[in-house]
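Structure record follows, encoded as structure tokens.
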Amino acid sequence: MPILQRLLLAAAVLAASAAPAWAWSNHALAAYRAFEVLPEVAQAAPVKAEPLEDFLAAEAQPIAELLTAQDAWARAHIAHYPPLPEALRFDPAIVNAGPQALRRAFLMALRVSPESRLALYLQPDPLAPPPAAERMPHDEVSALPLREKDGEKHHFVRLAPGETVAPLAVLASASDEPDYGMDVNLFEDSPSDWGPRYGFGKLPFGNPALDFATQAPFHMGYYHESRLIYAAAGFLKRTFPLLRVHQYHGLAELAFRSGHPYWGWRFAGLAAHYVQDLTQPYHASLAPGFSSARLIGIQLLALAGMEGGKNDMIVLLSNRHFVLERLESQMIQTGRDSPAGQALRQVLHDSTRDAGYGPWGETSLRDLVAGEAAAQGEAVTAQMLASAPARYVDDPRFDFGIEGGRIDLMAEMARQSPEAQAALQASIAALMRHFGAHSRNLVRAILAQSEDKP
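FYI, in mature numbering (1 follows the signal peptide of the UniProt record, and there is no 0) the residues of the sequence shown are -23 to -1, 1 to 431.
Shown next as structure tokens:
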């Protein structure tokens, strides 16, 4: 590719990647439905809540060995993976320094935010009777400020150490947790005291001044772009959801095998989050609806001083991402008698296709989950353009991220034709069927491998 064309495309790709960093809003709401039909979860014996520090102190040596092995695996299997800096390796002797030092050392060895709460909490199932438990403030669960990013509210309740809890509740609650600041400010140009120490280099795309934008390389996986895109923008390969799934998958297995089932379910939920993220086409595909040639054309105009096309593209990609997310969120939150909600719950319950994907493996996230979502990006985008109110998906003068906070998208869609409503809801239902199937297959693999290994 000529150097000028490569530079033009790289600049356009950088602009296209400035999209929201979250995917399916409140993962727990859909995860309850996806996992409640999995007997291994729904019929599992209750477990006792255990503080993170107790698990770390009891299993410090095997955790250290596991993290070392995971770093070696990542070096061999993840493109552009930066090895764990020697100073951050988890030393089991840190147990003697006390619980807080132990917690911080573990989080930094994982290279997540040391401000991650990992508190004892649950997000109750909204379709179950309300629990008689103490409400928990947002900032005790999340390191990020409260954002009503999609109109739904998170409700947290406190767990006491030793309190008995259903595995389904632990698993579903944890599936939303990586969006609570765990992957924020991990790069050397991040405004944190840990990012420059983690070795991930500079933020590959996005704005390092926006905390939620810095989590994008861990929650998006651009594994299936064209050779042209990669030739112009190799930085797109610096995404790390595969790392996170491998880390939490291994920790879940260790916790189950060593007699810490609460943390087995908790880590399994954390791993599921990244799998679920990559069932969202806008997390697995850079710019659905924009060809490489169109990206180059947009950048050519920008270089000539006509930046309107580039700015419009950024807004349109962001708006479509938000609309897809918001509609799914509102559909899953509707009451038991809502046809839209019932349809979504039905596909999340549908396990008939789970086995057709084959056994979960180390590269399933990249090759299967992300590949499937990326292949659907064009069709999903086309369906939004055909079915959703044009102002929200095809008018760059409207910025959904700024102006859409209080929009009731379900009510807006009700003004569209029944055919348009049904077609867009069917597109979302297809994506959520994949959300359920891949989530269950991951957890099946964790449980099976926990039993198989000594």
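Every residue, glycine too, gets a C-beta built ideally from N, C-alpha and C. If you're wondering where the values come from, they're calculated on a predicted model, not measured in any experiment.
Taking its Cβ as the centre, do 16 or more other Cβ atoms sit within 10 Å of Gly236, making it buried, or is it exposed?
Classification of Gly236: exposed, given that the 10 Å Cβ count is below 16.
Completely contained alpha helix (DSSP H) runs for the region 277 to 325, where each covers 4 or more residues
Along the length of the region 277 to 325, whole alpha helix (DSSP H) runs at least 4 residues long occupy 285 to 310, reported in chain order.
DSSP three-state assignment for Val420, whether helix, strand or coil:
Of the three classes helix, strand and coil, the one that applies to Val420 here is helix, per DSSP.
Determine, using beta carbons only, whether Gln360 and Ala391 come nearer to each other than 8 Å.
Not closer than 8 Å, so no.
My output table needs one value for Ala(-6): the three-state DSSP class, helix, strand or coil.
In this structure, Ala(-6) counts as coil in the three-state DSSP scheme.
DSSP puts residue 433 in a beta bridge; with which residues?
Nothing about residue 433 can be read from this structure; the chain reaches only from -23 to 431.
Considering only residues of the region 181 to 221, which uninterrupted alpha helix (DSSP H) runs meet the minimum length of 4 residues and lie entirely inside it, listed in chain order?
Within the region 181 to 221, complete alpha helix (DSSP H) segments of at least 4 residues are found at 193 to 196, 204 to 209, given in chain order.
Identify, in the order they occur along the chain, each residue of the same chain with its Cβ nearer than 6 Å to the Cβ of Val(-11), setting aside the five sequence neighbours on each side.
Here the set comprises Ala210.
For Pro108, which residues of its own chain have a beta-carbon under 8 Å away from its beta-carbon, when the five flanking residues on both sides are left out?
So the qualifying residues of the chain are Leu99, Pro101, Val134.
Distance check for Ala96 and Asp116, CA to CA, integer angstroms please.
Cα to Cα, the separation comes out at about 10 Å.
Selection from Arg81, Thr340, Phe377 that minimises the alpha carbon distance to Ala51
When Arg81, Thr340, Phe377 are compared, the shortest CA-CA separation from Ala51 is found for Thr340.
In the structure shown, what three-state DSSP assignment does Tyr157 receive?
Coil, per DSSP.
Could you work out which residue in Ser167, Arg94, Tyr199 is closest to Asn184 when comparing CA atoms only?
For the set Ser167, Arg94, Tyr199, the Cα lying nearest the Cα of Asn184 is the one of Ser167.
Per DSSP, which one or two residues make a beta bridge with Tyr239?
DSSP lists no partner for Tyr239.
Identity of the residues DSSP links to Leu99 by a beta bridge
Residue pairing from DSSP places Leu99 in a beta bridge opposite Val134.
Please check if any C-beta of chain D sits within less than 8 Å of the C-beta of Gly172.
The structure shown contains no chain D; it holds only a single protein chain.
For Arg112, does the three-state DSSP call read helix, strand or coil?
Arg112 falls in the strand class under three-state DSSP.
Does the region 35 to 52 come into contact with the region 223 to 242, if we say contact requires no fewer than three beta-carbon pairs (one atom in each stretch) closer than 8 Å?
The region 35 to 52 and the region 223 to 242 touch, with no fewer than 3 CB-CB distances between them shorter than 8 Å.
Less than 7 Å separating the Cβ of Asp327 from some heavy atom of the ligand NAP?
In terms of ligand content, the structure shown is empty, and the ligand NAP therefore cannot be addressed.
Three-way DSSP call (helix, strand, coil) for Gln426 in this model:
Helix, per DSSP.
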